[in-house]
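Residue numbers (the working numbering), protein chains in the order written: chain W, 9 to 473; chain F, 92 to 313.
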């Protein structure tokens, strides 16, 4: 993974933790060094005391022997093995262990000042101290040197314990830091997630700027996104305005063409030219319809011309009224157009013009593509989900093949075998308007084998609020 | 009948004026809004057909001026703007009806006829006729193909409401309202019985009372 693609969380953690770990390692080393120093100081002090004790014993016993009880008392409190050697004046060995490591050649012992050195005694590393005392007694008169060697176990143990306890503390600190850094980063990144959700939840129509309160660091990003949305909105609006203008501009010449063609059909005297004129008239009507449909599609899209009026609409009554308006057209094809479900009392928030247009397109589609004597039913009802209402148009016509059921909602898509003067925009308009109202539309097979177009619209309130 | 057509598309104006002329209406044609405004200030027409998008002066402005002068000539608006707001504005300003371009000439003829009839007040005749069927709202008698049909009072009321909304769906509720009085036990299912009886009595190949599933009934004639 490249650095660019690395998650923000890992980056932040890395920046917080890598220095922390390096610092901890340094602190651990420092703890080790200081433990070493402390251990030496303490133990050196101890063996100096021991050496002083030995010298006193030597004086007390007149240089003969060191009492076992005194030795035991002095050695209490250490697990280390202690060995001593007493050298009288004239370098005469007095008592102790004769083979203790001697003072290194390059060091000189000065009277009264302890001299420490490291060595090996009986195969173990030892610390040795040598001190000279001036003793003026009956038996011994002159400089007496006492050497004491101590194994390093105690020192090692002290160092190990100090370092381990320091390490434990550091690991705890780092652990707590990781936990809080994790929580902090999660908290810190939460606005990003909210932004992501806010963008994800948006309908594709909604190009309003994002206004969620955001931390300063993300505000720039949001501002950039908002600028993009604004430009997108302008571009879409310009596009739709063009379509609306174009179809608007087409209407008057089309009206003229259609009126002249109608007149010509009326006035035609011979059957052949009448037939030709009928065809021109038919083509003109289809062009008019296309212009109208393009215009309603452009109008169904919200960006152009701002938000349409939203009110509470009785969709059931609208559906019943629309159905009634189409009965004559249905009768002309001997189609049994009927209605099922409530004819009033399904109030939803919406725009009555757009919803009416949606219903007109749904019913027109069924009548247009069904053969004569088909049965078309408009149905209103409540969806399985609470608060949603259903508008359905079911027919027993040829139906829509499974693999085409999504394609029919695309613009200018018509089923190959049909040529009923449709322009392939009807269901695209239906979907546009349904989505505009927060709902959607889908096609499935009717029990009769025909098509069943089902629109689900949210926000249903049983009665007028 | 004198009609004024204000339309700047010559081809459309030509077709519309020829159509209206074929019905023996005298039609003046103007193509500019300000010109129409001047003419309307001095002349009175039985009907004005007004395009909205005009050079010189907007159609809505012409309409506003016309109404400001107190004229009550019926105005039919032709518009390429299908936006409802434009229609509402037109109707609020005192237009009587509107047609969205492109329109069928038959539709235009029907609207013009209806508007002129309305202007002429209630039709003097009390007889409603549709195809072979006629109904006298005063004597409440019904004829099919010059044959008197004997109807009971409720059948008559049923026929009347269907005739008045000829070609349109009449809901069972609307029928119930007109055939049952307050005291009657209004039952929607009994309407079917009356419809059935009326169908039998009207029996004619060119007449049909169609049942529109879930919505009501519709009287249809060829």
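Here a beta-carbon is modelled for each residue, glycine too, at the ideal position from N, C-alpha and C.
Check: Quick one: what does DSSP say residue 434 of chain W is sitting in, helix, strand or coil?; Outcome: helix
Check: Please return the same chain residues whose Cβ sits closer than 7 Å to the Cβ of residue 101 of chain W, not counting the five positions on each side in sequence.; Outcome: 95
Check: DSSP state of residue 150 of chain W, grouped into three classes?; Outcome: strand
Check: Reducing DSSP to helix, strand and coil, say where residue 42 of chain W ends up.; Outcome: helix
Check: Is there a C-beta anywhere in chain W that falls below 8 Å from the one on residue 213 of chain F?; Outcome: Model confidence at residue 213 of chain F stands at a pLDDT of 49, short of 50, so the residue's coordinates are unreliable; what they give is reported in the following sentence. No, because no Cβ of chain W sits closer than 8 Å to the Cβ of residue 213 of chain F.
Check: Determine contact between the region 166–184 of chain W and the region 143–155 of chain W, defined as no fewer than three beta-carbon pairs at a distance below 8 Å.; Outcome: no
Check: For chain W, check one thing: does any of its Cβ atoms lie closer than 8 Å to the Cβ of residue 94 of chain F?; Outcome: no
Check: Just the Cα atoms here: how many angstroms apart are residue 349 of chain W and residue 300 of chain F?; Outcome: 23 Å
Check: Can you check which of these residues, F:231, F:183, F:98, is closest to residue 254 of chain F by C-alpha distance?; Outcome: F:231
Check: Out of F:105, F:135, F:165, F:199, state which residue places its alpha-carbon closest to the alpha-carbon of residue 186 of chain F.; Outcome: F:165
Check: Since residue 241 of chain W contacts residue 215 of chain W with CB under 8 Å, what's their CB separation in whole angstroms?; Outcome: 4 Å
Check: On the three-state DSSP scale, how would you describe residue 296 of chain F?; Outcome: coil
Check: Starting from residue 311 of chain F, find everything on chain W with Cβ-Cβ shorter than 7 Å and list it in chain order.; Outcome: 339
Check: Looking only at its chain, what residues have a beta carbon closer than 7 Å to the beta carbon of residue 313 of chain W, apart from the 5 residues adjacent to it on each side?; Outcome: Annotation note: pLDDT 44 at residue 313 of chain W (below 50); position unreliable, coordinate value reported separately. Once the five neighbours on either side are set aside, residue 313 of chain W has no close Cβ partner at all.
Check: How many angstroms separate the CA atom of residue 370 of chain W from the CA atom of residue 465 of chain W?; Outcome: 15 Å
Check: Would you grab the beta carbon distance between residue 168 of chain F and residue 143 of chain F for me? Rounded to a whole angstrom, and I think it's under 8 Å.; Outcome: 6 Å
Check: Give me the DSSP bridge partner(s) of residue 188 of chain W.; Outcome: According to DSSP, which records beta bridges pairwise, residue 188 of chain W is partnered with nothing at all.
Check: Go through the region 100–180 of chain F residue by residue and report every complete run of the beta strand (DSSP E) that reaches 3 residues or more, in order.; Outcome: 117–121, 138–142, 166–170
Check: Could you name the residues of the same chain whose beta carbon sits closer than 6 Å to that of residue 119 of chain F, not counting the 5 residues immediately before and after it, in chain order?; Outcome: 95
Check: Assuming residue 102 of chain W is part of the beta strand (DSSP E), what are its boundary residues?; Outcome: 101–104
Check: Please state the DSSP three-state secondary structure of residue 407 of chain W.; Outcome: coil
Check: State buried or exposed for residue 213 of chain F, treating a residue as buried only when at least 16 other CB atoms are found within 10 Å of its CB.; Outcome: Confidence at residue 213 of chain F is low in this model, with a pLDDT of 49, below 50, so its placement is unreliable and the value that follows should be read with caution. Residue 213 of chain F is exposed by the Cβ-count criterion.
Check: Can you pull the chain W residues whose beta carbon is under 7 Å from the beta carbon of residue 194 of chain F, in chain order?; Outcome: 263
Check: Spatial neighbours of residue 217 of chain F within its chain, please: C-beta separation below 6 Å, excluding the five flanking residues on both sides.; Outcome: 227, 228, 229
Check: Once you ignore the five residues that flank residue 303 of chain W on each side, which residues in its own chain have a CB closer than 7 Å to its CB?; Outcome: 252, 255, 256
Check: By alpha-carbon positions, which one of W:290, W:328, W:49, W:43 ends up nearest to residue 306 of chain F?; Outcome: W:328
Check: How about residue 312 of chain W: is its C-beta nearer than 8 Å to some C-beta of chain F?; Outcome: Bear in mind that the predicted position of residue 312 of chain W carries a pLDDT of just 43, short of 50, making it unreliable; the figure below should be weighed with that in mind. By this cut-off, residue 312 of chain W is not an interface position.
Check: Could you list the residues in the region 126–157 of chain F with a C-beta less than 9 Å from some C-beta on chain W, going in chain order?; Outcome: 142, 144
Check: For the region 258–284 of chain F, which residues have a CB atom closer than 8 Å to at least one CB atom of chain W, in sequence order?; Outcome: 258, 259, 260, 262
Check: Spatial neighbours of residue 223 of chain F within its chain, please: C-beta separation below 7 Å, excluding the five flanking residues on both sides.; Outcome: 235, 236, 295, 297, 298, 312
Check: Strictly below 7 Å CB to CB, what residues from chain W border residue 223 of chain F?; Outcome: What residue 223 of chain F touches in chain W: nothing, since even the nearest Cβ is about 18 Å away.
Check: Can you give the beta carbon distance from residue 286 of chain F to residue 249 of chain F, rounded, assuming they're within the 8 Å contact cut?; Outcome: 7 Å
Check: Please report the straight-line C-alpha distance between residue 419 of chain W and residue 22 of chain W, rounded to a whole angstrom.; Outcome: 51 Å
Check: Can you list, in chain order, the residues of its chain with a C-beta nearer than 8 Å to that of residue 106 of chain W? Leave out the 5 residues immediately preceding and following it.; Outcome: 93
Check: Counting only beta-carbon atoms, is residue 335 of chain W nearer than 8 Å to chain F?; Outcome: yes
Check: Name the residue from W:402, W:395, W:392 whose alpha carbon lies nearest to the alpha carbon of residue 383 of chain W.; Outcome: W:402
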